[in-house]
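Residue numbers for the sequence shown, in UniProt numbering: 1 to 158. Worksheet: the structure to be examined is printed underneath.
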Amino acid sequence: MPSLPEYSGGCQCGAIRFHVVGELTHSSICHCRMCQKAFGAYYAPLVSVRGSEFRWTRGEPRRFQSSNMVQRGFCADCGTPLTYEAPDGVAIAAGAFDEPARLPPTIQYGIEAKLPFVDRLGSLSALRSEEDAEAGDFLLHIVSHQHPDHDTSEWPPR
């Protein structure tokens, strides 16, 4: 019997972690204004966990009732957006997964609020971090306090 895929993830600071067992087939991008504000971004990438085995393994999000139908979960310590919770199920922020590349979007919602330049983002000039000469000194001295992209027995390290 084949095993089901497993996923893990969490917030930037590591106070909240989650684990999912099951096929995750509904990944989306929502352009609605409410999602733009909730994520502080041009759109919200979300992955539905409906039909899977989902559990919080460390901490739990604080929630904001963003409408009469939807709650948004986020880390109260670092502010990472984590959930979209509606009557038909829960979706997790795609970037909160340890391996977001495993969950490419399959549909876009709320396109009436889609910002006019979003479709051109892929055509912008692009640099790898180490190619950005102006940021060289900054990058040499930066020390990340971000939780690694895998489960840890405790966080922060002692």
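Even for Gly, the Cβ is constructed at its ideal location relative to N, Cα and C. Please read these numbers as outputs of a predicted model, since none were measured by experiment.
Start and end residues, alpha helix (DSSP H) containing Gly136
Gly136 to His141
Which one or two residues does DSSP pair with Glu85 in a beta bridge?
Answer is Gln71 and Val90, bridged to Glu85.
Please name the residue, chosen from Arg17, Tyr43, Phe18 and Pro87, that lies closest to Lys114 on a Cα-to-Cα basis.
Tyr43
Mapping the DSSP letters down to three states, classify Ile16 as helix, strand or coil.
coil
Using the beta-carbon count (16 or more within 10 Å), is His147 buried or exposed?
Burial call: buried.
Buried/exposed call for Ser28, threshold 16 Cβ in 10 Å
buried
Please classify Leu82 as buried or exposed, where buried requires at least 16 neighbouring CB atoms within 10 angstroms.
buried
Relative to the alpha-carbon of Glu6, which residue among Glu130, Thr106 and Arg102 has its alpha-carbon at the smallest distance?
The candidate whose alpha carbon is nearest that of Glu6 is Arg102.
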